[in-house]
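Chemist: Take a look at the following structure, please.
Number of protein chains: 2
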Amino acid sequence: MSTATLAAKPAGARDPLSLVFAALADPTRRAMLTRLRSGPVTVSELGAPFDMSGPAVSKHLRVLERAGLVARGRVAQSRPATLRAEPMKQVAEWAEEFREFWDQRYDRLDDYLRTMPDDPKDDA
Amino acid sequence: MSTATLAAKPAGARDPLSLVFAALADPTRRAMLTRLRSGPVTVSELGAPFDMSGPAVSKHLRVLERAGLVARGRVAQSRPATLRAEPMKQVAEWAEEFREFWDQRYDRLDDYLRTMPDDPKDDA
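Chains as they are written, first to last, in numbering that gives the first Met the number 0: chain D, 0 to 123; chain R, 0 to 123.
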């Protein structure tokens, strides 16, 4: 039995960072965010490269909005979508905490090589 | 009609980066990865802080393994889980592409403030 018990959260009650990661777990949504780096676009402009229906584009946009990665404008009926990149900073910071382990495989190889005896030929 | 049409991928045929983001979209799995930074652990050690059944822990571990974030050892029955942080580098690099937009809101505020007339009191 553990003193510090962390209960699993029920599905649907996701924390903000989980919403961001879930929104990014789709290549179409990631491509939409990359497209939005060029500036705000309407739903039809955003959907054009994907051969996707308006409702399908809107559904992806709602996932991105819920994660705080996109904001919708109030310009008449077009409601252009705008990139909100602040949550991306949290994603980068979270991943950066593992930076020391990214190249660990090579570090381990270096350690292994250091334990190897010198090449016998060097002693000749 | 667009010249470059990108078909949406069917569900279940996820690309590697989507598998990584999906694996990270859960606070329990993120906590498990943080725990694994201290070194390899068995399934029961990994599950202890979460008050979670062995099968539930194994299910989370399979999601992490499929994403390439965890490797399982071959030590007798214990099969300790080890962190594999290489995919985290891709996550960080992907998010980093949005760095110029992280503080954009403040940049825009600066631009706006620069267009404001000087305080009338300064003219008195």
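Beta carbons: idealized from backbone N, C-alpha and C, even for Gly.
Is there contact here, the segment 86 to 94 of chain D with the segment 72 to 92 of chain R, by at least three beta-carbon pairs under 8 Å?
Modeler: Output reads yes: the segment 72 to 92 of chain R touches the segment 86 to 94 of chain D.
Chemist: Going by the CB atoms, is the gap between R:Leu-18 and R:Ala-184 shorter than 7 Å?
Modeler: For chain R, the structure presents residues 0 to 123; residue 184 of chain R sits outside this window and is missing.
Chemist: Would the beta-carbon of R:Thr-41 fall within 7 Å of that of R:Pro-79?
Modeler: Here residue 41 of chain R is taken as the residue at index 42 of the second sequence, counted from 1. Here residue 79 of chain R is taken as the residue at index 80 of the second sequence, counted from 1. Result yes, Cβ atoms of R:Thr-41 and R:Pro-79 sit closer than 7 Å.
Chemist: Anything in chain D within Cβ reach of R:Met-87, meaning under 7 Å, just list it in chain order.
Modeler: Numbered from 1 along the second sequence, position 88 holds the residue referred to as residue 87 of chain R. Chain D residues near R:Met-87: Ala-94, Phe-97 and Trp-101.
Chemist: Can you check DSSP and say which residues form a bridge with D:Ala-66?
Modeler: Mapped onto the first sequence, residue 66 of chain D falls at position 67. Looking at the DSSP assignment, D:Ala-66 forms no beta bridge with any residue, so it has no partner.
Chemist: With 7 Å set as the bound, which would you pick, yes or no: does the beta-carbon of R:Leu-82 sit closer than that to a beta-carbon of chain D?
Modeler: Here residue 82 of chain R is taken as the residue at index 83 of the second sequence, counted from 1. By this cut-off, R:Leu-82 is an interface position.
Chemist: So that I know if they touch, is there some Cβ in chain R lying closer than 7 Å to that of D:Ala-21?
Modeler: Stepping through the first sequence from its first residue, residue 21 of chain D is reached at position 22. Chain R, which has a Cβ nearer than 7 Å to the Cβ of D:Ala-21, makes this yes.
Chemist: Leaving aside the five residues before and after R:Arg-34 along the sequence, list all residues of the same chain whose C-beta is less than 8 Å from its C-beta, in chain order.
Modeler: Translated into positions along the second sequence, residue 34 of chain R becomes position 35. Taken in chain order, the residues that qualify are Val-40, Leu-45 and Pro-48.
Chemist: Quick one: what does DSSP say D:Thr-125 is sitting in, helix, strand or coil?
Modeler: What is shown of chain D runs 0 to 123, which leaves residue 125 of chain D out entirely.
Chemist: With respect to the alpha helix (DSSP H) encompassing R:Ala-30, which residues constitute its N-terminal and C-terminal limits?
Modeler: Residue mapping note: residue 30 of chain R aligns to position 31 of the second sequence, counting from 1. Note, R:Ala-30: alpha helix (DSSP H), 26 to 35.
Chemist: Checking 7 Å against the spacing of the C-beta atoms, do R:Phe-20 and D:Phe-20 come in under that value?
Modeler: One-based indexing of the second sequence puts residue 20 of chain R at position 21. One-based indexing of the first sequence puts residue 20 of chain D at position 21. Yes, they are a contact pair.
Chemist: Find out if the Cβ-Cβ distance for the pair R:Ala-22, R:Leu-82 is shorter than 7 Å.
Modeler: For the purposes of this step, residue 22 of chain R is taken as residue 23 along the second sequence, with counting starting at 1. For the purposes of this step, residue 82 of chain R is taken as residue 83 along the second sequence, with counting starting at 1. No, they are not a contact pair.
Chemist: Of all the CB atoms in chain A, is at least one closer than 7 Å to the CB of D:Val-69?
Modeler: In the displayed structure, chain A is absent; the protein chains listed are D and R.
Chemist: Below 8 Å on the Cβ atoms is my guess for R:Met-31 versus R:His-59; work out the distance and round it to an integer in Å.
Modeler: Position 32 of the second sequence holds residue 31 of chain R. Position 60 of the second sequence holds residue 59 of chain R. Yes, R:Met-31 and R:His-59 are in contact; Cβ-Cβ is about 6 Å, under 8 Å.
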